[in-house]
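Colleague: Below you'll find the structure I mean.
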Amino acid sequence: NASSETSKEEIPSVSFFTLYRFSSKRDKLYIFLAIISSIACGCMTPLNTLLFSSLLQSMVDYGISVVINNPQPDIFLSDVRDFAINNSVVGAIVVLLSYIATVLMNISAYNQVYRVRQEYLKAALNQDFEYFDTHQTGDFASKMTDDVVKLEDGIGEKLATFVFYQASFLSSIIMALTKGWKLALLCLISFPVTLSLVGIAALISSRLSKKEAVASGKAGAIAEEVLSAIRTVYAFSGQKKEIERYERYLNEARGINIKKGLFNGIAMGTLFFCIFCAYALSFWFGYRLMVEEPETYDVDTMIAVLFGVLMGSANFGISSTLMDVFGVARGAGAQIFHLIDNVPLINPLLNRGIVPNSVEGKIELKNVVFHYPSRPDVPVLKGVNLSVQKGQSVALVGHSGCGKSTIIQLLSRYYDVIDGSVQIDGNDVRQLSVRWLRAQIGLVGQEPVLFNTTVRENIRYGREDATNEEIEKVAKQANAHEFIMKLPSGYDTLVGERGASLSGGQKQRIAIARALVRNPKILLLDEATSALDTSSEAKVQKALDKAQEGRTTIIVAHRLTTIRNVDKIYVFKKGNVVECGDHNELMEKKGHYYDMVMLQASPDINENENVQKLDRTTSVVSEKDEDEHFETVVQESNETTQEDLNISFLEVIKLNLPEWKSITAGSVCSLVSGFAMPLLALILGDFIGVLSNPDESWVQNEIRKYSLIFVGIGVFSGITNFIMVFMYGIAGEHLTARLRKLLFEKMLHQEVGFFDDKNNSTGALCARLSGEAAAVQGATGQRIGTVLQAIGTFSFALGVSLYYEWRLGLVALAFVPFIAAVLYKQGRMVTAESFGTAKTMEKSSKIAVEAVANVRTVASLGREQTFLKDYATQLLPALVIAKQTSHWRGIVFGLSRGLFNFIYAATLFYGSNLMVYQGIGYDVVLKSAQTLLMGSSSAAQAFAFAPNFQKGIKAAGRAIVILGRQSKIVDPIEPAVKNFEGTGEASIQNVQFKYPTRPLIPVLKNCNLEIENGKTIALVGSSGCGKSTIIQLLERYYDPDEGIVAQNGIPLPKLLLSDVRQPIGFVQQEPILFDRSIGENIAYGDNSRQPSIDEIIEAAKQANIHNFVISLPMGYDTNIGSKGTQLSGGQKQRVAIARALIRRPKMLLLDEATSALDTESEKVVQEALDQAKAGRTCVMIAHRLSTVRDADVICVLNNGSVAESGTHSELVQLKGLYYNLNKRGYA
């Protein structure tokens, strides 16, 4: 791990401009034009403000002229007409420039990303294997998709947007300072205050987030521990204990989060308060300046300055949210370019080196010294010499780790030797062209990798120009043609990811065909049959024997039977060749090879008699299996699709019912807090309306009144925002914690079969516990608040504007749907990462990920180019779609900036006509138009930024599915016996059983077993014959499909689960201990009460572990780490025995309790078990027959039922299955 950590730190950071290194000249031109357009577009903002403020000035002038009975409608109307025209022109320019900037920026970004993706895959496939040894390929997939998307995000339209906001901020502030610097400076005061406030809040909340993550992490760890050890928890009825433990940490996390909500609420509240106070101050001070310095300050200046600063700081605020994106893009870019710039030593793409005309296939290794780059301290080969003549077959044997496979990797030049040389036909492989070299070699590995395409294409990967006839010919050679023809679509059957729908033997034969289609001169077989069962092995072996004819072959083998007839055998030990010769020579030497053969042969000779008997059946069964394999795969995927059930939003709210008080408070406040924006517009109208009054002292009083009203609105807005954030926070946290607890509780009541399903693996369930609950909180709480706020804003604004002047209100209202649509769409586009291309990306990234995950196979086949080509063709459609959508995005962005200009032009033009012809006061016009426009824009933005409810609703649906799932194994409604106490007697009658996850494979067939009180019963048989299944049925982890499992004559389903499990003490093969102290682990054995320390010690003494525990510094309070990692196997096993004994069980179940131990520990544990068995019923499973000789009854299971039973001596005389097992057990 050390090496991967260092590699992470060394990635040099890159500057922002480096991110554009893959841009072509054209892209650079586009970027330049886009930035110029953005700057120009930003400078339109102050122009807008100036136009608006001059219009207000003419309105006030007109108002004054009416008051002094000297109305001048002509001047006024021409002013308004100019305003309408100019404003529309500015609007059109803004739309056009925004469109240009967005489109050009995006197109250049897409072009670059298209290049980057290809370069990245090319670089990845071209790295030395050294690189893959020291880096995980697993995170390649995420880099390929996430990092590139982050990069794309940072170099595209966001840059243009950022430039626009900054230009607009700077130009607005400059305009404000030139128009009236005193007022501008005053307005700017609030700016640093709000910034520092936000900063402090963020700091506090990040501190709390860290704390909360720790608490949640602990809760998650408990869930993980419990779910992965579910059988142990059930065996000792520890559900309640675990739920309490889980809940404790959940509540801690909840408390911290609520605190966080409080701080966030305070910050939000103060922020709003400050903003409104700043407005109040500016208005009041602005009027003072108008009185004191009328030559510079009039209505025009005041509004221009005020709005200039307002718009400027708002834009600055928005642009700061984009800063983050650029930082992320730089980080992602550093990761991507680091790989692209890493130039490998062995470089297949450059393809330098000699290309000989023909190849003989003579191989020679001279004094080769080698160690893997990832483990430089472990020498693998220490001066090896080998030579293989043309057409010879040579086998390399030796224990694992002695360097056999390494030689194969050196021949293909996956690595370069440290010292010495590898030569083919007298040429050093380092001098040869890598591509040519790999093309001469056919490699069949231990686990063949197939790609997710058809069988035909998989074989064709061996050689691109292979015809269909050639493919069928090699398939026949590889003994694969027949089974391929039986597949659903023959050669055109898709093999699934990594060949998932084929069996091992089938994959191996396709891999052999793929190697043969290259018609290689050199064939390398790396344990090509080791992973197969006997019948497949025979077929594959036949295929390999055929393949070796006339080729130089090097075989690495573990099973020595497979290499008896090769020309030469090299025996390796610790990186050196210790013997060489053919089979007979080496057998005569009686050296290493002889020992290895003898070791492997002895059980084998006996097995052969057995195999003869079973031979017909095995081959038939495996044939059938190979062809049925297809259907089982399909069957599994069906269950997952019905998961997502669609539920209504109301049901999600129902989950939150217990918190109705805080939710109601939050909702009312959010509704009301929406009123602030339209109120602001109202007061603004009134305020400007006052200015036309010539009486100065009256105006001064009015202004003071409005300023105070402003402060009032600030207080109101602050408080409602605080309550909203805080209350929703509380409700959300309670909901999350409660949902987690309910889900966890529900999971702990499911039957064991539920956990066998791969959709319910520990990881998946833990993810659901943490993810679903949080996502549901996302659909409730804060999000509802945002929507309510928007509704409040809009309805209030609509009411006000219609109340003041319904005609104008209706004109403005006509534009509302349009505003709403554009702003909503724009908000959506900002939040959506990249759009429309996700599906095509998925397809192409699958290709890339598959290629990189199996990079060794790709390299040995020399198919890097093929994958790159495929990848590029898959990417193209995405590029085309993206370029098309960028035009649409450009239009929407442009409209979102320029639309208001047109609307203001229309409404104010109409309003002015009303003023002149209907004699309506201009304050009324302003109020009516302003409230509705400000209201609708803020509402639309709120809607856009309330991201997916969908996600939360789906998550809630999934949670409700789990909460509604009934366990298949439950307590009876009315138990047959109250307070049942088992005596240790049990029986299994006519039981048929299949595991629910493998419905096609019967495990027990008509199985009968009597377990008498006080007797020891041993179950033996080959693996997979149903021994452990019997124990699981006795614990009632599963119910049999047919037949009865009973205790004391009462069928288990009629008893309470806890009563069934109470008389049983269970010791597993690999005992699972919990992350608690030794004492607590032992006490866990009896969760129905609190065992005293004396009882714990007593149990420990019986289990032979008391002395060891006392020798520990903390004694029984020693914590044993998660999964018991601090203890050795034997110690864990004895703790588990003590845990089983503290229940004072009537029946002990021992599932191979000593098989995983070394001899020393086994002796100690065996003694402990013998003590424990005294006076109890005991059911034991053993592979080592020595441990069961003294059992009262030995039952031999075969094919799912009891085939023989009796004592050791009776069964040995029978000379049946037990006799054979026995011979093997001692061989």
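If you're matching positions, the sequence shown starts at -19 in the numbering used here and goes up one per residue. Built from N, CA and C at the ideal position, the CB exists for glycine as well. Just so you know, these numbers come straight off a predicted model, no measurement behind them.
Within the continuous beta strand (DSSP E) that includes K362, where are the two ends?
Modeller: Note, K362: beta strand (DSSP E), 359 to 368.
Colleague: Assuming N1232 is part of the beta strand (DSSP E), what are its boundary residues?
Modeller: No information on residue 1232 is available, as it lies outside the stretch -19 to 1207 that the chain covers here.
Colleague: Using a Cβ-Cβ cut-off of 7 Å (strictly less than) and excluding sequence neighbours within five positions of D7, which residues of its own chain qualify?
Modeller: Closer than 7 Å at Cβ, skipping near neighbours: S88, N91, Q92.
Colleague: Could you please give me the residues that DSSP links to S1057 through a beta bridge?
Modeller: BP columns for S1057 point to N1099.
Colleague: Just list the residues that DSSP pairs E344 with in beta bridges.
Modeller: Per DSSP, S367, Q403.
Colleague: How big is the Cα-Cα spacing for S(-7) and F306?
Modeller: Rounded to the nearest angstrom, the two C-alpha atoms are 13 Å apart.
Colleague: Do the stretch 414 to 423 and the stretch 490 to 510 touch if we need at least three Cβ pairs shorter than 8 Å?
Modeller: The stretch 414 to 423 is in contact with the stretch 490 to 510.
Colleague: Please return the same chain residues whose Cβ sits closer than 7 Å to the Cβ of G442, not counting the five positions on each side in sequence.
Modeller: Result list for G442: R494, A495, V497, R498, L841, in chain order.
Colleague: For F12, count neighbouring Cβ atoms within 10 angstroms of its own Cβ and tell me buried if that reaches 16, exposed if not.
Modeller: So F12 ends up on the exposed side.
Colleague: For S(-16), name the three-state secondary structure that DSSP assigns.
Modeller: Confidence in S(-16) is poor, its pLDDT being 37 and thus under 50, which makes the residue's placement too unreliable to answer from.
Colleague: For G197, count neighbouring Cβ atoms within 10 angstroms of its own Cβ and tell me buried if that reaches 16, exposed if not.
Modeller: Looking at its Cβ environment, which holds fewer than 16 other Cβ atoms inside 10 Å, G197 is exposed.
Colleague: Is V374 closer than 8 Å to Y550 when the C-beta atoms are compared?
Modeller: Cβ atoms of Y550 and V374: closer than 8 Å.
Colleague: When the Cα atoms are used, what is the spatial distance from D595 to V435?
Modeller: At D595, the pLDDT of 35 sits below 50, so the modelled position is not reliable; the number obtained from the coordinates is stated separately. Taking the straight line joining both Cα atoms gives about 30 Å.
Colleague: To the nearest angstrom, how far is it from the Cα of R938 to the Cα of T700?
Modeller: Between R938 and T700, the C-alpha separation is close to 34 Å.
Colleague: Closest by CA to A886, which one among A839, D108, F795?
Modeller: The shortest Cα separation from A886 among A839, D108, F795 belongs to F795.
Colleague: Tell me, please, which residues DSSP counts as bridged to Q1027.
Modeller: Answer by DSSP bridge pairing, in chain order: A966, I1030.
Colleague: Should R978 go down as buried or exposed, given a rule of 16 or more other Cβ atoms within 10 Å for buried?
Modeller: With fewer than 16 other Cβ atoms within 10 Å, it is exposed.
Colleague: Leaving out five residues before and five after S1209 in sequence, what residues of the same chain have Cβ atoms less than 7 Å from its Cβ?
Modeller: Nothing can be reported for residue 1209, as the shown portion of the chain is limited to -19 through 1207.
Colleague: If you reduce the DSSP assignment to three classes, tell me which class N50 lands in.
Modeller: The answer is coil: DSSP assigns N50 none of H, G, I, E or B.
Colleague: Going by the DSSP bridge assignment, what does F63 pair with across the sheet?
Modeller: Paired residues: none, contrary to the question.
Colleague: Using C-beta distances below 7 Å, list every residue in its chain close to Q369, excluding the 5 sequence neighbours before and after it, in chain order.
Modeller: Cβ within range, chain order: K342.
Colleague: Starting from N545 and walking both ways along the beta strand (DSSP E), at which residues does that stretch end?
Modeller: First-last for N545: undefined, no H or E at that position.
Colleague: Between N959, S1008, V46, Q1048, which has its C-alpha nearest S1068's C-alpha?
Modeller: Here the closest residue by C-alpha is N959.
Colleague: Please go through the same chain and pick out, in chain order, the residues whose beta-carbon is closer than 8 Å to the beta-carbon of P1214, but skip the five residues on each side of it.
Modeller: Lying outside -19 to 1207, the shown extent of the chain, residue 1214 is not represented and no answer is given.
Colleague: Please state whether the Cβ-Cβ distance between V679 and V691 is less than 8 Å.
Modeller: No, the Cβ-Cβ distance between V679 and V691 is not below 8 Å.
Colleague: What separation, rounded to the nearest whole angstrom, lies between the Cα atoms of G870 and Y804?
Modeller: C-alpha separation (whole angstroms): 15 Å.
Colleague: For P225, which residues from the same chain have a beta carbon less than 7 Å from its beta carbon, with the 5 sequence-adjacent residues on both sides left out?
Modeller: Checking the displayed sequence, the identity of residue 225 turns out to be Arg instead of Pro. Counting only Cβ-Cβ distances below 7 Å, and skipping sequence neighbours, we find I202.
Colleague: Find out if the Cβ-Cβ distance for the pair R1041, A537 is shorter than 8 Å.
Modeller: For R1041 and A537, no; Cβs fall outside 8 Å.
Colleague: So the alpha helix (DSSP H) S148 belongs to, where does it begin and stop?
Modeller: Counting along the chain, the alpha helix (DSSP H) containing S148 begins and ends at 137 to 159.
Colleague: I'd like the span of the alpha helix (DSSP H) that includes I949, first residue to last.
Modeller: Note, I949: premise wrong, no alpha helix (DSSP H); not H, not E.
Colleague: What are the start and end residues of the beta strand (DSSP E) that includes T433?
Modeller: That residue, T433, is in no beta strand (DSSP E); it is neither H nor E in DSSP.
Colleague: Any idea what DSSP makes of E813, helix, strand or coil?
Modeller: Low confidence applies here, because E813 scores a pLDDT of 45, under 50, leaving its location unreliable; read the following figure in that light. Looking at E813 - three-state DSSP - the assignment turns out to be coil, as it is neither helix nor strand.
Colleague: Nearest-angstrom Cα distance between F629 and R748?
Modeller: Their Cα atoms are separated by approximately 20 Å.
Colleague: Between the C-alpha atoms of Q1049 and V829, what's the straight-line distance to the nearest angstrom?
Modeller: About 38 Å.
Colleague: For S642, which option in D675, Y708, N681 has the closest C-alpha, if you only look at C-alpha atoms?
Modeller: Cα-wise, what sits closest to S642 is Y708.
Colleague: From the DSSP output, read off the bridge partner residues of C1158.
Modeller: In DSSP, C1158 forms a bridge with T996, L1128.
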